[in-house]
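Visitor: Note that the protein sequences, when read in sequence, are chains A and B.
At position 229 of the first sequence the residue is numbered 228 (the numbering used here), and the sequence of numbers has no breaks.
At position 137 of the second sequence the residue is numbered 136 (the numbering used here), and the sequence of numbers has no breaks.
Protein chains: 2
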Amino acid sequence: MMKCIKCRGKAHIKLPRHNARFCADHFVEYFHEQIQKAIKKNKMFTHQDNILVTVSGGKDSLVLWEALLKLGYQAEGLYLDLGIGDYSQKSKELCMYFAGKRSLTLHVVSISEWLDMGINGIAKKVRRPPCSSCGLIKRYLFNRFSVEQNYQVVATGHNLDDEAATLLGNLLHWQTGYLSRQSPVMPSNHSNMVKKVKPLYRLTEKETGAYAIIKGIDYILEECPLAVGASSIKFKKVLNDLEIQSPGTKQQLYFGFLKKGKKTFMEEDKVELKSCTRCKQPTTIDLCAFCQLSDRLSSS
Amino acid sequence: MMKCIKCRGKAHIKLPRHNARFCADHFVEYFHEQIQKAIKKNKMFTHQDNILVTVSGGKDSLVLWEALLKLGYQAEGLYLDLGIGDYSQKSKELCMYFAGKRSLTLHVVSISEWLDMGINGIAKKVRRPPCSSCGLIKRYLFNRFSVEQNYQVVATGHNLDDEAATLLGNLLHWQTGYLSRQSPVMPSNHSNMVKKVKPLYRLTEKETGAYAIIKGIDYILEECPLAVGASSIKFKKVLNDLEIQSPGTKQQLYFGFLKKGKKTFMEEDKVELKSCTRCKQPTTIDLCAFCQLSDRLSSS
Chain A
0 MMKCIKCRGK
10 AHIKLPRHNA
20 RFCADHFVEY
30 FHEQIQKAIK
40 KNKMFTHQDN
50 ILVTVSGGKD
60 SLVLWEALLK
70 LGYQAEGLYL
80 DLGIGDYSQK
90 SKELCMYFAG
100 KRSLTLHVVS
110 ISEWLDMGIN
120 GIAKKVRRPP
130 CSSCGLIKRY
140 LFNRFSVEQN
150 YQVVATGHNL
160 DDEAATLLGN
170 LLHWQTGYLS
180 RQSPVMPSNH
190 SNMVKKVKPL
200 YRLTEKETGA
210 YAIIKGIDYI
220 LEECPLAVGA
230 SSIKFKKVLN
240 DLEIQSPGTK
250 QQLYFGFLKK
260 GKKTFMEEDK
270 VELKSCTRCK
280 QPTTIDLCAF
290 CQLSDRLSSS
Chain B
0 MMKCIKCRGK
10 AHIKLPRHNA
20 RFCADHFVEY
30 FHEQIQKAIK
40 KNKMFTHQDN
50 ILVTVSGGKD
60 SLVLWEALLK
70 LGYQAEGLYL
80 DLGIGDYSQK
90 SKELCMYFAG
100 KRSLTLHVVS
110 ISEWLDMGIN
120 GIAKKVRRPP
130 CSSCGLIKRY
140 LFNRFSVEQN
150 YQVVATGHNL
160 DDEAATLLGN
170 LLHWQTGYLS
180 RQSPVMPSNH
190 SNMVKKVKPL
200 YRLTEKETGA
210 YAIIKGIDYI
220 LEECPLAVGA
230 SSIKFKKVLN
240 DLEIQSPGTK
250 QQLYFGFLKK
260 GKKTFMEEDK
270 VELKSCTRCK
280 QPTTIDLCAF
290 CQLSDRLSSS
């Protein structure tokens, strides 16, 4: 029998990268400890802050919300309806079910309120990959919503697999600008900009999945249908292959970057943020990318 | 019919990362051009220099020797007998056959002349992976031999696959010291140190294989039996998987590093070279790693 390294009871979860095995209770304890470590180490937020968790209906963001509440933080949710047919419908229902069952505040915003159409329509109209418009829109609306609603910080469900895959992609293309900015915490450096944090960056996708099962969280299993073939999925696969052969690879890559690699890229990229001439949101250009997109969608 | 992009004749080789197809003759031309580009761009050597090519019996180093001669350079060979049974025997014969057929000068040195045993025995005695002792010994003897024999530069057969795999490994572990030094050219910075260059760094393993076939070069097909399970092989596989999905990945990773990444690591690592108190070869410590290994092998 595989034994829990904490209580010597029956272990259900094996974590080769930590050379550890846990029963369900001690896995939850480990999981919470890793989140606390992430929060403390990066001074993400305190028990006094109002946190906005952006939830997609997937396991990571719902698990994050659950864990933050268990750890005594004040966290409310925001679901952004991307208008991707059944996928969006189902994921919205799962978020509402999660919030309803726990009597939590969940804000629901639809991108069609802002841009008159869903991601599919936008991608077709601007003739760019859907993930690229989707990323831009999410960053903008998450920030704008949280500033207007007076949240101190936005927390997203990015896990170690996400961060390591993004890092690998940035390294393969030597995107030095992105490399200098990739971080578990993005401070506010504009009056209309909220701090963004990723409290799950020390935990893998497998671990958030296990936590969801233990806590009985219903989440959407499907990947976004528009993300099929996205390079992030390809990089995750490669890192999973390496992880099986050398447990700890993802962690070494990402934590090593944070400790040793990141600072070497710091000098490269110093951007001055100003306010968009129309919407007053932070931007490096006169009319921000969101307002430009909005103009492009309403023309012709 | 797939056509050569140069002469519109029948193409035999397809290079997706360059979006090119070549007949045998134009492939050879392309191959030579890439080597010339590597030499010129990095000021590796001139037609006046005496070059020592270290040959292993594998395709890359024999192909390098052949191509340098075709390009009119003065290149002689050094085969280092590692004492790995049949593998070393066979690879030595292939090097001697190559040199004999072309009436070239090939030096043959055996590590047993220096350390009284082969790599297998050394690895067992020092209880470390064979590749680690082998690398140390090769670096030392290649350098010492070329200094004593008055060669201006040592050329090794490292190709793009080798360099990209090494880079990926250094990045996964954030070996900032290695990252600051990884380069197609290592200048001499000690009176007993020879310049080292890698003229094949712009060409893939597949391409050196094709060149070997076209030129009728016999080489040893087997990988070194002691390298089974080496992490370099694992990283090459991962990069090959990515290359198939996105042709150009290896090149982007390595060339991008040379252009944009490498300089960020430059400040990190400034080592002062002195002379080994016993053998006078360059070292960062008093008694160099080779002399220490030698002592360890002769003790007990």
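Glycine residues also receive a C-beta, built at the ideal position from the N, C-alpha and C atoms.
Just so you know, these numbers come straight off a predicted model, no measurement behind them.
Looking only at C-alpha atoms, which of B:Ala66, B:Met1, B:Tyr86 sits nearest to B:Glu221?
Guide: Here residue 221 of chain B is taken as the residue at index 222 of the second sequence, counted from 1. Nearest option by C-alpha distance: B:Tyr86.
Visitor: For A:Tyr177, I'd like the list of residues in its chain whose CB is within less than 7 angstroms of its CB, leaving aside the five on either flank, ordered along the chain.
Guide: For the purposes of this step, residue 177 of chain A is taken as the residue at position 178 of the first sequence. Only Asn169 meet the Cβ criterion.
Visitor: Mind listing the chain A neighbours of B:Gln244? Cutoff is C-beta to C-beta under 8 angstroms, in chain order.
Guide: Looking up residue 244 of chain B in the second sequence gives position 245. By Cβ distance, chain A contributes Lys233.
Visitor: Taking B:Tyr139 as the reference, give the member of B:Ile110, B:Ala163, B:Cys223 with the closest Cα.
Guide: Within the second sequence, residue 139 of chain B is the residue found at index 140, counting from 1. Checked all of B:Ile110, B:Ala163, B:Cys223; the closest Cα to B:Tyr139 is B:Ile110.
Visitor: Please compile the residues from chain B whose C-beta is within a distance smaller than 8 angstroms of the C-beta of A:Thr165.
Guide: One-based indexing of the first sequence puts residue 165 of chain A at position 166. Near A:Thr165 there are no residues of chain B at all, since even the closest Cβ is about 14 angstroms away, more than 8 angstroms.
Visitor: What are the boundary residues of the beta strand (DSSP E) that includes A:Val52?
Guide: Indexing the first sequence from 1 puts residue 52 of chain A at position 53. From DSSP, the beta strand (DSSP E) with A:Val52 extends over 49–54.
Visitor: Can you pull the chain A neighbours of B:Val237, defined as C-beta to C-beta under 7 angstroms?
Guide: What you label residue 237 of chain B is simply residue 238 of the second sequence in a count that begins at 1. Neighbours of B:Val237 on chain A, chain order: Val237, Asp240, Leu241.
Visitor: Taking only beta-carbon atoms, is B:Thr248 less than 9 angstroms away from chain A?
Guide: Residue numbering aside, residue 248 of chain B sits at position 249 when the second sequence is read from its first letter. Chain A, which has a Cβ nearer than 9 angstroms to the Cβ of B:Thr248, makes this yes.
Visitor: Can you tell me whether A:Ser298 is buried or exposed, with buried defined as 16 or more other CB within 10 angstroms of its CB?
Guide: Numbered from its first residue, the first sequence carries residue 298 of chain A at position 299. Under this definition A:Ser298 is an exposed residue.
Visitor: List the residues of chain A whose Cβ lies closer than 7 angstroms to the Cβ of B:Lys259, in chain order.
Guide: Taking the second sequence and counting its residues from 1, the one referred to as residue 259 of chain B is at position 260. The answer, in chain order, is Trp173, Thr175.
Visitor: Ordered along the chain, which non-local residues of its own chain (more than five positions away) have a Cβ less than 8 angstroms from that of A:Lys2?
Guide: Residue 2 of chain A sits at position 3 when you count from the first residue of the first sequence. Around A:Lys2: Gly8, Lys9, Ala10, Arg20.
Visitor: Straight-line CA distance for A:Leu93 to A:Leu166?
Guide: Within the first sequence, residue 93 of chain A is the residue found at index 94, counting from 1. Within the first sequence, residue 166 of chain A is the residue found at index 167, counting from 1. Looking at the two C-alpha atoms, the distance is approximately 30 angstroms.
Visitor: For A:Asn18, count the other beta carbons within 10 Å of its own beta carbon; 16 or more makes it buried, fewer makes it exposed. Which is it?
Guide: Within the first sequence, numbered from 1, the residue matching residue 18 of chain A stands at position 19. Looking at its Cβ environment, which holds fewer than 16 other Cβ atoms inside 10 Å, A:Asn18 is exposed.
Visitor: Would you mind reading off the limits of the alpha helix (DSSP H) that contains B:Ser297?
Guide: Locating residue 297 of chain B in the second sequence gives position 298, counting from the first residue. Where B:Ser297 is concerned, the enclosing alpha helix (DSSP H) stretches over 288–297.
Visitor: Check whether the Cβ of B:Asp161 lies closer than 8 angstroms to any heavy atom of the ligand NAP, and answer yes or no.
Guide: This structure simply doesn't include the ligand NAP, nor any ligand for that matter.
Visitor: Where does A:Lys42 fall in DSSP's three states?
Guide: As a first step, residue 42 of chain A is located in the first sequence; it is residue number 43 there, counting from the start. In the structure shown, A:Lys42 sits in coil (DSSP, three-state: anything other than H, G, I, E or B).
Visitor: The stretch 130–150 of chain A: which residues have C-beta closer than 7 angstroms to a C-beta of chain B, in chain order?
Guide: Taking 7 angstroms as the Cβ-Cβ cut-off against chain B, none of the residues of the stretch 130–150 of chain A qualify.
Visitor: Taking the continuous alpha helix (DSSP H) assigned at A:Gly76, which residues delimit it?
Guide: Position 77 of the first sequence, counting from 1, holds the residue named residue 76 of chain A. Not the alpha helix (DSSP H): A:Gly76 falls in the beta strand (DSSP E), residues 73–80.
Visitor: Any beta-carbon of chain A closer than 9 angstroms to the one on B:Ser187?
Guide: For the purposes of this step, residue 187 of chain B is taken as residue 188 along the second sequence, with counting starting at 1. No, B:Ser187 does not count as interfacial toward chain A.
Visitor: With distance defined between alpha-carbon atoms, name the residue in B:Leu77, B:Thr45, B:Ala211 nearest to B:Ala66.
Guide: Counting from one through the second sequence, the residue named residue 66 of chain B turns up at place 67. The shortest C-alpha separation from B:Ala66 is found at B:Ala211.
Visitor: Around the C-beta of A:Lys58, are 16 or more other C-beta atoms found within 10 angstroms, so that it is buried, or is it exposed?
Guide: Locating residue 58 of chain A in the first sequence gives position 59, where the first residue counts as 1. Buried: at least 16 other Cβ atoms inside 10 Å.
Visitor: Out of A:Gly117, A:Asn142, A:Lys197, point me to the one whose CA is closest to A:Ala154's CA.
Guide: Along the first sequence, read from residue 1 onward, the residue named residue 154 of chain A stands at position 155. Looking at the Cα atoms, A:Lys197 is the closest of the given residues.
Visitor: Count the other CB atoms within 10 Å of the CB of A:Val54; is the residue buried (16 or more) or exposed (fewer)?
Guide: Looking up residue 54 of chain A in the first sequence gives position 55. Buried, since its Cβ has 16 or more Cβ neighbours within 10 Å.
Visitor: For B:Lys279, which three-state DSSP category applies?
Guide: Start at 1 with the first residue of the second sequence, and residue 279 of chain B comes out as number 280. Coil at B:Lys279, not helix or strand.
Visitor: Look at A:Leu225 and A:Leu114 and say whether their C-beta atoms are less than 9 angstroms apart.
Guide: Position 226 of the first sequence, counted from the start, is the residue given in the question as residue 225 of chain A. Position 115 of the first sequence, counted from the start, is the residue given in the question as residue 114 of chain A. Contact: no.
Visitor: Could you give the uninterrupted runs of the alpha helix (DSSP H) lying entirely in the stretch 229–277 of chain A, keeping only those of 4 residues or more?
Guide: Runs found: 230–244, 248–255, 261–264.
Visitor: For B:His380, which residues does DSSP report across the bridge?
Guide: Beyond the ends of chain B as shown, which are 0 and 299, falls residue 380 of chain B; an answer cannot be given.
Visitor: What is the DSSP secondary structure of B:Arg180, reduced to helix, strand or coil?
Guide: Mapped onto the second sequence, residue 180 of chain B falls at position 181. Residue state, collapsed to three classes: helix.
Visitor: I'd like the span of the beta strand (DSSP E) that includes B:Arg303, first residue to last.
Guide: The structure shown does not extend to residue 303 of chain B, since chain B is modelled only from 0 to 299, so the question has no answer here.
Visitor: Check the C-beta distance from B:Ser231 over to B:Ala163 and give it rounded, since I have them as a contact under 8 angstroms.
Guide: For the purposes of this step, residue 231 of chain B is taken as the residue at position 232 of the second sequence. For the purposes of this step, residue 163 of chain B is taken as the residue at position 164 of the second sequence. So it is not a contact: roughly 10 angstroms between Cβ atoms.
Visitor: Taking DSSP as the reference, what is the three-state secondary structure of B:Val125?
Guide: Mapped onto the second sequence, residue 125 of chain B falls at position 126. Residue state, collapsed to three classes: helix.
Visitor: Could you pull the DSSP bridge partners for B:Ile212 from this structure?
Guide: Translated into positions along the second sequence, residue 212 of chain B becomes position 213. In DSSP, B:Ile212 forms no bridge with anything.
Visitor: Along the chain, where does the alpha helix (DSSP H) containing B:Lys91 start, and where does it finish?
Guide: Sequence index remark: in the second sequence, residue 91 of chain B carries index 92 (1-based). Here the alpha helix (DSSP H) through B:Lys91 covers 84–100.
Visitor: Contact between the stretch 24–41 of chain B and the stretch 126–143 of chain B is defined here as three or more beta-carbon pairs at a separation below 8 angstroms; is this criterion met?
Guide: Too few Cβ pairs lie closer than 8 angstroms, so no.
Visitor: Would you verify that the beta carbon of B:Lys263 is, or is not, closer than 9 angstroms to some beta carbon of chain A?
Guide: The sequence position of residue 263 of chain B within the second sequence is 264, counting from 1. First, the residue type needs correcting, since residue 263 of chain B is Thr and not Lys in the sequence shown. Yes, because at least one Cβ of chain A sits closer than 9 angstroms to the Cβ of B:Thr263.
Visitor: To which residues does DSSP link B:Lys13 through a beta bridge?
Guide: The residue you call residue 13 of chain B lines up with position 14 of the second sequence. The partner list for B:Lys13 (beta bridge, DSSP) reads B:Arg20.
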